[in-house]
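In this note's numbering, the protein residues as written are -11 to 282.
Reading through the structure tokens given below for one structure.
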Amino acid sequence: MKIRDMLKEKETTVSFEVFPPKRDYPIESIHDTIKELKDLKPDFISVTYGAAGSTQSHTVEIASKIKNEFDIEAIAHLTCVTSTKAQIMQVLQQLRSHNIENILALRGDMPESMANNPNFMPEYHYASELIRDIHAEGDWSIGGACYPEGHIESANKLEDLKHLKRKTEQGLDFLVTQLFFDNEMFYQFQEKLDLLDIHTPVIAGIFPFVNIRQIKRIQEISGCNLPPKFMRILERYEHSPEALKEAGIAYAVDQIIDLLSSGVDGIHIYTMNRPDITKRIMKSINQVRKTLNR
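This is the structure:
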């Protein structure tokens, strides 16, 4: 089923994101994770591309298993900044052969080795170019990324919104946000989309933090805002790992319930391949979710 149709039928979708195992781990290690997530009845599961597209073939294989063996709708991430147009067409053919019809179209990050190579001439510079080419290749349901607090590489938030407008004009069916910890930033972002006449459904990305290392890494990559409530939790429990984990799960649950009560189009949980954490969250929001989709 195409995600665009799912979003029309359901008041709110709840979905998960998983990532391929690292190169040193067998791909089969992800199968138990998917099996446990299936029991939570997500509307769909997305599969990341790995660092700089390093696990491209695994992404297709895992998405296929989710869709064809576990009978869960799947979205495959597709990044373009390091790919040629011919390579993108090849991946699209692979996805179609595996019955995958949903794609999250991303620019992706440029590896340092390529960025510093004066002879490297990328065929793609922006996700909007990838979206255009995917549409030209066939009937796909295409999603894109958005950044409630602005992309870390953007000169300013206005410039970032202009890029987003350009992407949506290429024909996006839905948007998935980068993780955020401050719901007010998300609501302000929605207001800006309305002002720009962007009415593409927005699925909110939620990251349940469970340790200090994660938070430091996330801030380094995304530059996301840490609101006062969040900082109080860190200051109180940073030296108690188990307490911080419990507080992080509770924080994610509070975020999700607030978003659901505000009529968000969808919730997308970044599971970090930790079904135990995701199970705790889903158990806490289960009754609210049932009420919304009656």
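Ideal placement from N, C-alpha and C gives every residue a C-beta, glycine not left out.
Who are the Cβ neighbours of residue i in its own chain at under 6 Å, not counting the five residues just before and after it?
i, result
"Glu61", "Met(-11), Phe32"
"Ile221", "Ala235"
"Glu230", "none"
"Arg268", "Ile237"
In terms of alpha-carbon separation, which member of the options lies closest to residue i?
i, options, result
"Thr156", "Gly96, Phe58, His187, Lys10", "His187"
"Pro125", "Leu80, Lys23, Arg224", "The question names Pro, but residue 125 is Glu in the sequence shown. Answer by Cα proximity: Leu80."
"Ala285", "Ser250, Ser3, Thr266", "Given that the chain is displayed from residue -11 to residue 282, the structure contains no residue 285 and the question cannot be resolved."
"Phe168", "Pro110, Arg120, Glu16, His256", "His256"
"Lys271", "Gln166, His151, Lys29", "Lys29"
"Thr259", "Asp97, Phe197, Asp121", "Phe197"
"Lys10", "Arg(-8), Tyr37, Glu(-1)", "Tyr37"
"Asp121", "Thr67, Asp148, Ile269", "Thr67"
"Lys150", "Gly254, Glu172, Leu183, Phe195", "Leu183"
"Leu83", "Pro189, His46, Glu172", "His46"
"Gln166", "Met98, Leu94, Glu179", "Leu94"
"Lys180", "Leu146, Phe218, Glu141", "Leu146"
"Glu5", "Phe174, Ile194, Arg201", "Ile194"
For residue i, count neighbouring Cβ atoms within 10 angstroms of its own Cβ and tell me buried if that reaches 16, exposed if not.
i, result
"Pro8", "buried"
"Phe108", "exposed"
"Arg205", "exposed"
"His113", "exposed"
"Ala133", "buried"
"His227", "exposed"
"Thr72", "exposed"
"Ala39", "Because the pLDDT of Ala39 is 44, which lies under 50, any placement of that residue in the model is unreliable, and the number read from its coordinates should be weighed accordingly. Exposed: under 16 other Cβ atoms inside 10 Å."
"Pro216", "exposed"
"Glu89", "buried"
"Ala143", "exposed"
"Pro14", "exposed"
Do residue j and residue i have their beta-carbon atoms positioned less than 7 Å apart in this structure?
i, j, result
"Ile76", "Trp128", "no"
"Asn283", "Thr21", "With the chain covering -11 to 282 only, the question about residue 283 has no answer from this structure."
"Ser116", "Gln158", "yes"
"Val241", "Ala192", "no"
"Ala74", "Ala64", "no"
"Ile130", "Leu160", "yes"
"Asp170", "Asn105", "no"
"Lys55", "Asn87", "yes"
"Pro110", "Val48", "no"
Spatial neighbours of residue i within its chain, please: C-beta separation below 7 Å, excluding the five flanking residues on both sides.
i, result
"Lys26", "Phe58, Ile60"
"Val276", "Ile245, Leu248"
"Pro263", "Thr21, Glu24, Leu25"
Considering only residues of the same chain and omitting the five flanking positions on each side of residue i, which have a CB-CB separation below 8 Å?
i, result
"His123", "Ile130, Gln158, Gly159"
"Gln293", "Past the edges of the chain, shown from -11 to 282, lies residue 293, and the structure says nothing about it."
"Met(-6)", "Thr1, Asp31, Phe32, Glu61"
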